[in-house]
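Visitor:
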Amino acid sequence: MTAIWIILGVVIGVPILIMIWAIALYNGLVRKKTMVMEGWSGIDVQLKRRSNLIPNLVETVKGFAAQEKDVLTEVTTLRGQAQSVTGPGEASGIEGAITGALGRLMMVAEAYPELKSDSNFLNLQSELAEIEEDIEKSRRYYNATVRDLNVAIESFPGNLLAARFSFQQAEFFETQSPDERAVPQISFS
Numbered sequence: 113m114t115a116i117w118i119i120l121g122v123v124i125g126v127p128i129l130i131m132i133w134a135i136a137l138y139n140g141l142v143r144k145k146t147m148v149m150e151g152w153s154g155i156d157v158q159l160k161r162r163s164n165l166i167p168n169l170v171e172t173v174k175g176f177a178a179q180e181k182d183v184l185t186e187v188t189t190l191r192g193q194a195q196s197v198t199g200p201g202e203a204s205g206i207e208g209a210i211t212g213a214l215g216r217l218m219m220v221a222e223a224y225p226e227l228k229s230d231s232n233f234l235n236l237q238s239e240l241a242e243i244e245e246d247i248e249k250s251r252r253y254y255n256a257t258v259r260d261l262n263v264a265i266e267s268f269p270g271n272l273l274a275a276r277f278s279f280q281q282a283e284f285f286e287t288q289s290p291d292e293r294a295v296p297q298i299s300f301s
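The structure is reproduced here in structure tokens:
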């Protein structure tokens, strides 16, 4: 009689344990996918903050450096393009271009001592530096969540469940600009 109970326990218990394990694995994939979406939302918020700051920065520089029209136009045009992107792939390319254009805009400011001492410009420059730091933090968080999701989707046995329930790998938010990938040249001369 004891053997029957053991066999019955195994026949009923093993499928229940497998089902509990599959549910836990599925919920882990859902949690990781949600964290990726949360991470992208954080990047999106920071990019919008930067996008909202750009017109003020451009107007401030424009008042001092009207002859630098090309740089001002480029920054404004790129800002418009950035507002229509939908995902990490599109955003990483345009955001790299914006970062480069903003760097050129700051170089223009260096040529105008009165602009560099303007309190409005200094406040905007400080806010931009803070936003750029926040974007970098958000990017690191997002890419970490993408890594975790992608590893869970590719690893056995998660790959079996991920394929069955159509979980897809997420896209990293990577730097597209060769300028940002290049090793900076530092000279103390």
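Just add 112 to the spot in the sequence shown (first one is 1) and you have my numbering. We put the CB at the ideal spot given by N, CA and C, even for glycine. Note that this is a predicted model, so its numbers are computed, not measured.
#1: For P167, does the count of other Cβ atoms within 10 angstroms reach 16, so buried, or fall short, so exposed?
#2: Here's the rule: buried if 16 or more other CB atoms are within 10 angstroms of the residue's CB, otherwise exposed. What is Q237?
#3: Do you know offhand how far R162's Cα is from R276's?
#4: Rounded to whole angstroms, what is the Cα-Cα separation between L159 and I247?
#5: Measuring CB to CB, does L227 end up less than 8 Å from I206?
#6: Beta-carbon within less than 7 Å of Q195's beta-carbon, same chain only, minus the 5 sequence neighbours each way: which residues are those?
#7: Here's a check: name, in chain order, each residue in its chain whose Cβ is nearer than 6 Å to the Cβ of E286, leaving out the five neighbours to either side.
#8: With C-beta atoms as the reference, is G140 less than 8 Å away from Y254?
#9: For M219, which of helix, strand or coil comes out of DSSP?
#10: Starting from V183, trace the alpha helix (DSSP H) in both directions and tell me its first and last residue.
#11: For a minimum of 4 consecutive residues, which ranges assigned as the alpha helix (DSSP H) are wholly contained in the stretch 210-263?
#12: Need the endpoints of the alpha helix (DSSP H) that E171 sits in, please.
#13: Mark K144 as exposed unless 16 or more other C-beta atoms lie within 10 angstroms of its C-beta, in which case mark it buried.
#14: Would you call S301 buried or exposed, if buried means 16 or more other Cβ atoms sit within 10 Å of its Cβ?
#15: Can you find the residues in the same chain that come closer than 7 Å, C-beta to C-beta, to N262, ignoring five residues on each side of it along the sequence?
#16: When you compare only the Cα positions, how much space is there between A115 and V126?
Guide: Reading from the atomic positions:
#1: The residue labelled residue 167 in the question sits at position 55 within the sequence shown. So P167 counts as exposed.
#2: Taking the first residue of the sequence shown as position 1, residue 237 is located at position 125. Buried is the call here.
#3: In the sequence shown, the residue the question calls residue 162 occupies position 50. In the sequence shown, the residue the question calls residue 276 occupies position 164. C-alpha separation (whole angstroms): 40 Å.
#4: Against the sequence shown, residue 159 aligns to sequence position 47. Against the sequence shown, residue 247 aligns to sequence position 135. When rounded, the distance between both Cα atoms is 7 Å.
#5: Start at 1 with the first residue of the sequence shown, and residue 227 comes out as number 115. Start at 1 with the first residue of the sequence shown, and residue 206 comes out as number 94. Cβ distance not < 8 Å, so L227 and I206 don't count as in contact.
#6: For the purposes of this step, residue 195 is taken as residue 83 along the sequence shown, with counting starting at 1. S163.
#7: Numbered from 1 along the sequence shown, position 174 holds the residue referred to as residue 286. Excluding sequence neighbours, E286 sits near S204.
#8: Along the sequence shown, one-based indexing puts residue 140 at 28. Along the sequence shown, one-based indexing puts residue 254 at 142. Contact flag unset, no.
#9: Residue mapping note: residue 219 aligns to position 107 of the sequence shown, counting from 1. Helix at M219.
#10: Here residue 183 refers to the residue found at position 71 of the sequence shown. First-last of the alpha helix (DSSP H) with V183: K181 to A194.
#11: 225-228
#12: Along the sequence shown, one-based indexing puts residue 171 at 59. Residues T114 to F176.
#13: Locating residue 144 in the sequence shown gives position 32, counting from the first residue. With 16 or more other Cβ atoms within 10 Å, it is buried.
#14: To locate residue 301, count along the sequence shown from 1; it is residue 189. Interpretation of S301 is limited by its pLDDT of 39, a score under 50 that renders its predicted location unreliable; the figure taken from the coordinates is listed afterwards. Counting Cβ neighbours within 10 Å, S301 comes out exposed, since fewer than 16 surround it.
#15: The residue you call residue 262 lines up with position 150 of the sequence shown. Result list for N262: Q281 and A282, in chain order.
#16: Locating residue 115 in the sequence shown gives position 3, where the first residue counts as 1. Locating residue 126 in the sequence shown gives position 14, where the first residue counts as 1. Approximately 16 Å, taken between the alpha carbons.
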